[in-house]
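Q:
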Amino acid sequence: MPVAASLDPAPRARRLGGRVVDLVVAGWVLAFAAIEIDGRLLGGDVLARRPLEAVTPEGTRLAVITALVIVALEIVPTALWGRTPGKVMLGLRCVDVDTGGPPGVIRSVFRGLLLHAWVAIPVLGWVLPAAITVTTVFAPSGRGVHDRLSGSIVVDAAGPDEVSP
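Under the numbering used here, the sequence shown has 35 at position 28, and the numbering climbs by one with no breaks.
(1) When you compare the CB positions of Arg19 and Val144, do they come within less than 9 Å of one another, or not?
(2) Mind checking Val71: buried by the 16 CB within 10 Å criterion, or exposed?
(3) Measure the CB-CB distance between Pro178 and Val161 and report whether it falls below 9 Å.
(4) Should Ser115 go down as buried or exposed, given a rule of 16 or more other Cβ atoms within 10 Å for buried?
(5) Per DSSP, what kind of secondary structure is Asp163 in: helix, strand or coil?
(6) Where does Val104 land, buried or exposed, given buried means 16+ other C-beta within 10 angstroms?
(7) How would you call Thr85, buried or exposed, if buried means at least 16 neighbouring beta carbons within 10 angstroms?
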């Protein structure tokens with residue numbers, strides 16, 4: 008029996024709040040990185056004085072910057088501590104259902120891809136995050152498809168400074 012199977016998922020509203028905080032933090036970091044790194048250092052056109060397309064050098068650089076921000080703010084902290092900025096603020100942590108500890112690199116990368124890979128899909132990119140949100144809100148277990156497929160669960164942390172189970 009998995010170690011974390013006896014743990015209850017954290018309340019949906021707090022998990023959603025944590026996700027919103029993470030998206031706001033990522034948006035600010037991404038905006039800063041895009042303007043400073045691409046615009047000033049690499050000479051890109053981040054202010055969209057002309058249409059930005061994915062196949063242009065600016066679009067490619069922006070995609071790489073976005074991926075790096077997601078890795079730095081979502082995947083690495085989840086893998087190492089089970090905490091993102093939003094989870095820390097709301098007293099949550101993501102744990103591996105088998106060990107009860109942080110999910111580790113493989114599970115965190117898979118979980119991150121399920122949450123964020125949709126940005127690479129033109130036109131229909133909104134379908135995956137919408138489906139994940141619906142499964143999280145309406146799933147009887149309280150776990151979204153990204154948590155079930157990656158073998159993780161978001162639970163209440165014992166305290167705001169705790170970073171390991």
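No residue lacks a Cβ here, since even glycine has one placed at the ideal position from N, Cα and C.
A: Considering the structure as presented:
(1) Reading the sequence shown from its first residue, position 12 is the one you call residue 19. Reading the sequence shown from its first residue, position 137 is the one you call residue 144. Note that the C-beta distance between Arg19 and Val144 is below 9 Å.
(2) Here the question's residue 71 lines up with position 64 in the sequence shown. Looking at its Cβ environment, which holds fewer than 16 other Cβ atoms inside 10 Å, Val71 is exposed.
(3) Examination of residue 178 is not possible in this model, given that the chain is present from 8 through 172 alone.
(4) The residue you call residue 115 lines up with position 108 of the sequence shown. So Ser115 counts as buried.
(5) Against the sequence shown, residue 163 aligns to sequence position 156. Three-state DSSP puts Asp163 in a strand.
(6) Taking the sequence shown and counting its residues from 1, one reaches residue 104 at position 97. Burial is judged here by how many other beta carbons sit within 10 angstroms of a residue's own beta carbon; Val104 has at least 16 and is buried.
(7) Along the sequence shown, one-based indexing puts residue 85 at 78. So Thr85 counts as buried.
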